[in-house]
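Trainee:
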Amino acid sequence: MLILAIDTSCDDTSASLVEFEEASGAKPRILSNIISSQTEIHAKYGGIVPELASRRHNELIWPVVDEAMAAVGETPLEGLSAIAVCAGPGLIGSLLVGCSFAKAVSFSKKIPLVGVNHLEGHILSVFLEGAGPRFPYVCLIVSGGHTSLYLVEGFMHYRLLGRSRDDAAGEAYDKVAKLLGLGYPGGPEIDRLAKEGDPKAIAFPRAYLPGTLDFSFSGLKTAVANFLKGHQRPYGQQMVRDVAASFQAAVLDVLIRKCQWAAKKTGAENLAVAGGVASNSALKHGMSEMARKMEMELFIPSPAFCTDNAAMIAIGGFHRLKAGEISGAGLNPQASLKL
Ligand code: KG4
Ligand code: ZN
C-alpha cells in the first residue's frame, strides 16, 4: 500500500510517500519526506504571518509533491493507494491549500482521500522509525501550537489527559527568544544557549497546577519579561545564557513531572514525546532519566520527525483507511479540529 501524505497546517509545506507492506502497518517504509520550510519568510516578523504562509503553500505545493513522488520514479499518481492530508488543527488558510490540492488529485485520479488530524500525526510519529511503543502509552505532544497529554489506547483511540490552558511550550520558547532578541524559531536557539547557562541562576515559576494534568506557560513568559525589564539592553551574553537555561529548566521540570504523573495515573509503561520541542536536547536527557527511574520505555522520534512532517500524516492515513474511514470530497479543514 502506497500513501501520499500532505501537511500544510502551519508554515512548512510537506509531502511524503510511505509504503506499508504489512497489513498491521508495522515497519512503514518512508520513500520520501520533503519539507519546504518558510522560516526565512517569517523570521523577520518574529513569528508566522498566516497570509504569507498560505500564499507560499500555494507556490510550493506542486513542486513539493513532485519531489516526493520522484522517489518512485515514473510511478503516476494513479498508482497510489490513497492520499492522506492534514485536515487540522492549524492555520485555516494554510490547511485549505493542502486539503484543496488533495481533494483535486483524489477526484481527478479517483484515489481515496483520508483526512488526518495533525495531533494524531504527532502521536503516531513514534511508529515511523521502528516498532514503536506498546499500547496503552502516554504521549506528550509539545510543539509551537500544542502542549497536550494523551493516553493512546490503540490506533484511533486517544484520551485527552490534559493540555495547556494558555501558551504552548514551543510558543513560550519562541516568545522568550524574541524578548531576548534571538532569532525565530526560538526553541533551537534557547536549546543551544542554555547549554552554557546556569539553570539555577534565576528562580522562574513552575505552574504545576496540582490535581490536573493541564499546563500553563504564560506566567513563566511574563516572569521572564518582568526580569528583563530590570536590565538594560543590550543584554550581557552570560545573562542571556542564564535566562535561557533558567527558563528552559522551568519548562522542562513541569513537562517531565506531568509525564510522570500521567504514567502513574494511567499505569502506562510506555511514554512517547512528540512535536517540535521534543527535539530539545535537555528534554531528551531529562525525560530519559525520569523514564529510567520509573522503569518506563521512552520513545522520541528523530528531530526530522519531531517537527512538522507529512510522513507522520501517512501513518494516521493508513490506519484510518484500513478502518474504512474515507473522507471523500466533503472533507473540509478546521482550524480547531478536535482529536
Ligand atoms: O511541531 P512543530 O514543528 O510545529 C507545530 O506543530 O507547532 O514545532 C515547532 C516548535 C517551535 O515553537 C520551535 O521553537 C520548537 O518547536 N522547537 C524547539 C526546538 N526545536 C524546535 N523547542 C525547543 N528546543 C528545540 N531544540
Ligand atoms: Zn505540529
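If you read the sequence shown in this note's numbering, its first letter stands for residue 54, the second for the next number, and so on.
Note that the Cβ used here is the ideal one computed from N, Cα and C, for glycine as well.
1. Within 10 angstroms of its Cβ, does residue 284 collect 16 or more other Cβ (buried), or is it exposed?
2. For residue 314, count the other beta carbons within 10 Å of its own beta carbon; 16 or more makes it buried, fewer makes it exposed. Which is it?
3. Taking 8 Å as the limit between beta carbons, can you name the residues of its chain near residue 147, skipping five residues before and five after?
4. Exposed or buried, residue 18, counting other C-beta atoms within 10 Å across all chains shown (16 or more means buried)?
5. Mind checking whether the beta-carbon of residue 86 lies closer than 7 Å to any heavy atom of the ligand KG4?
6. Is it buried or exposed, residue 227, if we count other Cβ atoms within 10 angstroms and call 16 or more buried?
7. Taking the alpha carbon of residue 266 as the reference point, which residue from 257, 193, 272 has its own alpha carbon closest?
8. Put residue 23 into one of helix, strand or coil per three-state DSSP.
9. Run through the DSSP bridge pairs and tell me what residue 138 is partnered with.
10. Would you check whether the ligand KG4 has a heavy atom nearer than 7 Å to the C-beta of residue 226?
11. State the beta-bridge partners of residue 214 as determined by DSSP.
12. Is residue 270 helix, strand or coil when you go by DSSP?
13. What is the rounded straight-line gap between the Cα of residue 133 and the Cα of residue 55?
14. Taking the Cβ atom as the reference point for each residue, do residue 230 and residue 273 lie within a distance shorter than 8 Å?
Mentor: Taking the geometry as given:
1. exposed
2. buried
3. 61, 62, 63, 64, 103, 106, 107, 110
4. For the chain, the structure presents residues 54 to 392; residue 18 sits outside this window and is missing.
5. no
6. buried
7. 193
8. Since the first residue of the chain shown is 54 and the last is 392, residue 23 is not available in this structure.
9. 59, 168
10. yes
11. In DSSP, residue 214 forms no bridge with anything.
12. coil
13. 5 Å
14. no
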